[in-house]
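Be aware that the first sequence starts at 1, since it is given in UniProt numbering, and climbs by one per residue. Think of the CB as a built atom: it goes at the ideal place given N, C-alpha and C, for glycine as much as any other residue.
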Amino acid sequence: MPKGKKRTISASQERRTSTQRKKVCKLRWRTQFSHKGPRFPSPYRPIGAQFVYNGIPKKLAPETEEVAVLYARYLSGKRKTKRIEEKLQQNFFNDWRELMTARERSEITDFKLCDFSQLVSKLEEIAEAKKRLPKEEREILKKERQLAADQYKTVRVDSKQELVNNYTVEPPGLYMGRGKDNANIGRVKRRIQPEDIIINTDEKTKVEAPPNHNWKAVIHNRSVMWLASWKDVISGNPKYIQLHSSSSIKNERDSQKFLTARQLKQEIGRVRAQYEKDLKSGDEAISQTATAVYLIDKFALRAGNEKPEGATDTVGCCSLRVEHVSFLNRGKDQKKDLEGIRLNFLGKDSIPYRKDLLVSRAVCDNLKDFVKEKKKNGFLFDMIDTKRVNEYLARLMPDLTAKVFRTFRASQFFHEKLEEYSRFHLRKDKDAAQDVRMKVIVHKKANLAVAQLLNHQTLSKPIGKGTAIKKQEKKLKAAEDKLESLTTRSDKHKQAKVKRDILKEELDLKQQLRNYALGTSKANYIDPTLTVDWCQKYDIPIEKVYSKTQREKFRWALVDL
DNA sequence: TGTCAGACTTGATGTCATACGC
DNA sequence: GCGTATGACATCAAGTCTGACA
1 MPKGKKRTIS ASQERRTSTQ RKKVCKLRWR TQFSHKGPRF PSPYRPIGAQ
51 FVYNGIPKKL APETEEVAVL YARYLSGKRK TKRIEEKLQQ NFFNDWRELM
101 TARERSEITD FKLCDFSQLV SKLEEIAEAK KRLPKEEREI LKKERQLAAD
151 QYKTVRVDSK QELVNNYTVE PPGLYMGRGK DNANIGRVKR RIQPEDIIIN
201 TDEKTKVEAP PNHNWKAVIH NRSVMWLASW KDVISGNPKY IQLHSSSSIK
251 NERDSQKFLT ARQLKQEIGR VRAQYEKDLK SGDEAISQTA TAVYLIDKFA
301 LRAGNEKPEG ATDTVGCCSL RVEHVSFLNR GKDQKKDLEG IRLNFLGKDS
351 IPYRKDLLVS RAVCDNLKDF VKEKKKNGFL FDMIDTKRVN EYLARLMPDL
401 TAKVFRTFRA SQFFHEKLEE YSRFHLRKDK DAAQDVRMKV IVHKKANLAV
451 AQLLNHQTLS KPIGKGTAIK KQEKKLKAAE DKLESLTTRS DKHKQAKVKR
501 DILKEELDLK QQLRNYALGT SKANYIDPTL TVDWCQKYDI PIEKVYSKTQ
551 REKFRWALVD L
């Protein structure tokens, strides 16, 4: 390390880093799976109600009726807006007719004449009966399900028992998709049969297909992580049965990801110097690449791959269009060398990204150049794509891709916020620092800041949240009243103040969590070694911040505990 | 060099179990 | 003890990225 250069990773992180490197190299190409194969959803059993067409009850073939019941199940659940419903009905009806017998197809020709109400009522009746089942019977059913699942949920990997993540083949259903312009919404996901499935296993292990069935194929590919796969009917993409996040292989992959992000932390000065230099390059492809990397680094944007024709209109950095960026007037207190821009687009899962951001003068000038003489729907970065950006990044640092910046920025920002909030809530206020609830709040607040940076918005929240906030407000009011009634500097006053502060922070968190979800950033972006070190420093049991599954997922980071 | 399929990760949301308040 | 709110986990859609192939 050059003299005077600040140490950027902790000693415990460094220790973990060297162990991780060894393990990752050792693991590759050695994996052998010995498993039972996937579990199949229960076969369709007629529900004892009829589909009605044009006022006349119709006896349908079991395969046709099964699909009608899928639609009835959709109707008995939460309803969608009318606009989506029309597309959904149209797609459903097209797919349903494809699966009908020739006679049914010639008779059932108009969706408007289809009446699913008897099926819906029956499904609701079944659901009600299920709710009314005595506790003992429910327990028995649960145990039966558990026993059946137990056979499928483990796999032997290199002689070690591991858990399988999704051991059941996806059941038939309606494709619900996301985004208003989703073209496939309502399409029928037909039942997947053993004949659709490729099994990947150890050469020595025979995986039996269900009676009277055969697998599509049995392979012994040691270089991939999946146990079984089939082709998704709607997208044509493969679907996989994979190992659980607690498995050694997933653990290794996870630790490797954060290792690369930590390496970027060490190299970031050099990486930034290079792309800042390239912002001014005379070669427009290079200046576009550098500008895109600047946005990815500064604002943790996703790379933004090109999407196939007809897919939902969502974008990331490289696929931004002219219409997604606008230039803001200078603010009063704005620094000289910074300019304001607004990014407004739909990101992954059609989640809106609308933020006013400050960028360097060079970046703003470049962006102004890139939008010149282009139509609203023209690509902002028309000379580059994610492949080019990643090739550029790989030249700056091995294994560096656009995705690594998101992990790096999330972890770095979490660390900064954790320090800031710890200073404010735990070091300044010694009384609050004794309370583990305040420590959990500090962790959640730092987590929330990351969720906001990564734009992990939630558009729908359970109805209950509003009442919970009202209850919390009441509690806070009561705590404030009590505090006022006590003499200052007394022990009781100190306790009441801590209680009030905690309630106030909890309320603030609850309000913000209506719009943001912490789970994704906690599970995928924030380096768990930061949390481990912080828990040790402030004497917090790890169980207070990580659930059982999360502790299993981050086992590799918990070695020091 | 561009395209595409395949493999894997990320992420919103649905569902279930449990904690909590009445 | 019961009903409900909440958190944990499961599900599966939608991304990223790599490598094969024309």
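The Cβ-Cβ distance between Ala292 and Asp278 does not fall below 7 Å. Glu170 carries a coil assignment under DSSP once its states are collapsed to helix, strand and coil. In the structure shown, Arg321 falls within a strand segment according to DSSP collapsed to helix, strand and coil. Annotated as proximal: Glu104 and Thr64, with beta-carbon spacing under 7 Å. Between the alpha carbons of Asp356 and Gly340 lies a distance of about 7 Å.
With contacts defined by Cβ atoms closer than 7 Å, Trp226 and Gln242 form a contacting pair. With fewer than 16 other CB atoms across the displayed protein chains lying within 10 angstroms of its CB, Gln266 is exposed. The secondary-structure analysis by DSSP pairs Val218 across a beta bridge with Ile199. Taking the Cβ atoms as the reference, Val325 lies roughly 6 Å from Leu343, within the contact range of under 8 Å.
DSSP links Gln161 through a beta bridge to Arg156. Between His35 and Thr201, the beta carbon gap of about 6 Å places them in contact (Cβ cut-off 8 Å).
Relative to the Cα of Leu400, the nearest Cα in the group Leu259, Pro352 and Glu480 belongs to Leu259. About 6 Å separates the beta carbons of Thr314 and Lys348, which is inside the 8 Å limit, making them a contact pair.
With respect to Phe379, Arg302 sits apart: the two C-beta atoms are not nearer than 7 Å. For Ile268, the enclosing alpha helix (DSSP H) has its first and last residue at Ser248 to Asp278. Leu338 sits in a strand when the DSSP states are folded into three classes. Secondary structure note for Tyr294: it is in no beta strand (DSSP E), and the uninterrupted alpha helix (DSSP H) holding it is Glu284 to Phe299.
Taking the Cα of Ile192 as reference, the smallest distance to any Cα among Phe40, Glu373, Ile441 and Ile47 is reached at Phe40. For Tyr353, the enclosing beta strand (DSSP E) begins and ends at Pro352 to Ser360.
Counting along the chain, Ile241 sits inside the beta strand (DSSP E) bounded by residues Pro238 to Ile241. It is roughly 30 Å from the alpha-carbon of Ser247 to the alpha-carbon of Lys189. Checking the DSSP bridge columns, you'll see Ile56 partnered with Tyr53. By the Cβ neighbour-count rule, Gln334 is exposed, with fewer than 16 other Cβ atoms within 10 Å of its own. Residue pairing by DSSP places Ser34 opposite Arg156 in a beta bridge.
Note that the C-beta distance between Asn184 and Gly177 is below 7 Å.
In the three-state reduction of the DSSP assignment, Lys307 falls in the coil class, being assigned neither a helical nor a strand state. One alpha carbon belongs to Lys376, the other to Phe370, and they sit about 12 Å apart. Across the structure, Gly310 and Phe111 are spaced so that their CA atoms are roughly 25 Å apart. Contact between Ser411 and Ile526 holds: CB atoms are separated by about 6 Å, below the 8 Å threshold. Secondary structure at Leu507: helix, using DSSP grouped into helix, strand and coil. A residue is called buried when at least 16 other Cβ atoms come within 10 angstroms of its Cβ; Asp150 does not meet this threshold and is exposed. The stretch 527-544 and the stretch 499-510 do not touch, with fewer than three beta-carbon pairs separated by less than 8 Å. Around the C-beta of Val224, fewer than 16 other C-beta atoms lie within 10 Å, and the residue is accordingly described as exposed.
Residue burial is scored here from C-beta neighbours: Ala61 has fewer than 16 other C-beta atoms within 10 angstroms and is therefore classed as exposed.
In this structure Glu66 is buried. Its beta-carbon is surrounded by 16 or more other beta-carbon atoms within 10 angstroms.
For Ala228, the enclosing beta strand (DSSP E) starts and ends at Ala228 to Lys231.
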